[in-house]
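**Student:** Add 214 to the 1-based position in the sequence shown for our numbering, that's all there is to it. First the structure, then my questions, so here it is.
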Amino acid sequence: MLDFVDITKDNVHLHCRFDRDFENELDKFQNKIYPDNSDFFTVLINNGLLRWSYLFYGGKLIGAIWLEKEHSCLPVATLGIFIADKNYRCKGIGERAIKEYIARNKKDLKLKEVNLQVRKENIRAIKCYEKCGFAAEKEYELSNGQRVIDMSKSV
């Protein structure tokens with residue numbers, strides 16, 4: 215059973231444990247917004263710019279998923295997802311989580327489009343995103359030499 219639990223000030227400590235347990239895997243996926251106890255994180259959520267949830271499967275914390283907006287007036291958000299526990303990858307959980315999370319949050323966030331960025335060599339993730347209706351828009355190299363693909367989906 216897949217469950218989403220919103221990250222709040224009351225449970226943010228789970229994210230710190232999660233980071234510690236999967237530290238080596240998370241480094242290259244760090245997001246510019248980080249869940250913490252700051253008021254900034256709460257303001258983003260309260261102003262409709264961010265939804266960030268833990269992913270639980272069968273009662274076990276396996277990852278996190280989020281939608282973030284640059285501007286509240288724009289109907290576009292960026293999706294992020296990470297299933298840290300390798301035992302839960304390639305089982306359709308990511309696809310289901312993405313579809314459900316977008317459907318659950320598109321009205322509150324007033325979304326018409328969801329974008330994401332994926333590393334070109336992450337074929338498993340690209341296939342998952344394509345199953346969710348995302349299409350590649352452009353490919354380029356970041357300043358660190360990493361090749362990435364921007365993908366987008368209308369919702």
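Each residue gets a CB set at the ideal place from its N, CA and C atoms; glycine is no exception.
Please tell me whether Glu351 and Arg361 are closer than 8 Å, where the distance is taken between their beta carbons.
**Tutor:** Going by C-beta atoms, Glu351 is not nearer than 8 Å to Arg361.
**Student:** Do Ile276 and Gly294 have their C-beta atoms within less than 8 Å of each other?
**Tutor:** The answer is no: Cβ separation not under 8 Å.
**Student:** Going by other Cβ atoms of all chains shown within 10 Å of its Cβ, with 16 needed for buried, is Arg321 buried or exposed?
**Tutor:** The question names Arg, but residue 321 is Lys in the sequence shown. By the 10 Å Cβ count, Lys321 comes out exposed.
**Student:** For Lys267 versus Ile221, is the C-beta distance shorter than 8 Å?
**Tutor:** The question names Lys, yet the displayed sequence has Ser at residue 267. A contact, by the Cβ cut-off of 8 Å.
**Student:** Do you know how far the Cα of Lys326 is from the Cα of Val219?
**Tutor:** Straight-line Cα distance between these residues: approximately 24 Å.
**Student:** Hey, how far is the Cα of Gly262 from the Cα of Lys283?
**Tutor:** Whole-angstrom Cα-Cα distance: 8 Å.
**Student:** What residue does the beta strand (DSSP E) around Glu351 start on, and which one ends it?
**Tutor:** Segment Ala349 to Glu355, the beta strand (DSSP E) holding Glu351.
**Student:** Taking 8 Å as the limit between beta carbons, can you name the residues of its chain near Lys313, skipping five residues before and five after?
**Tutor:** So the qualifying residues of the chain are Cys346.
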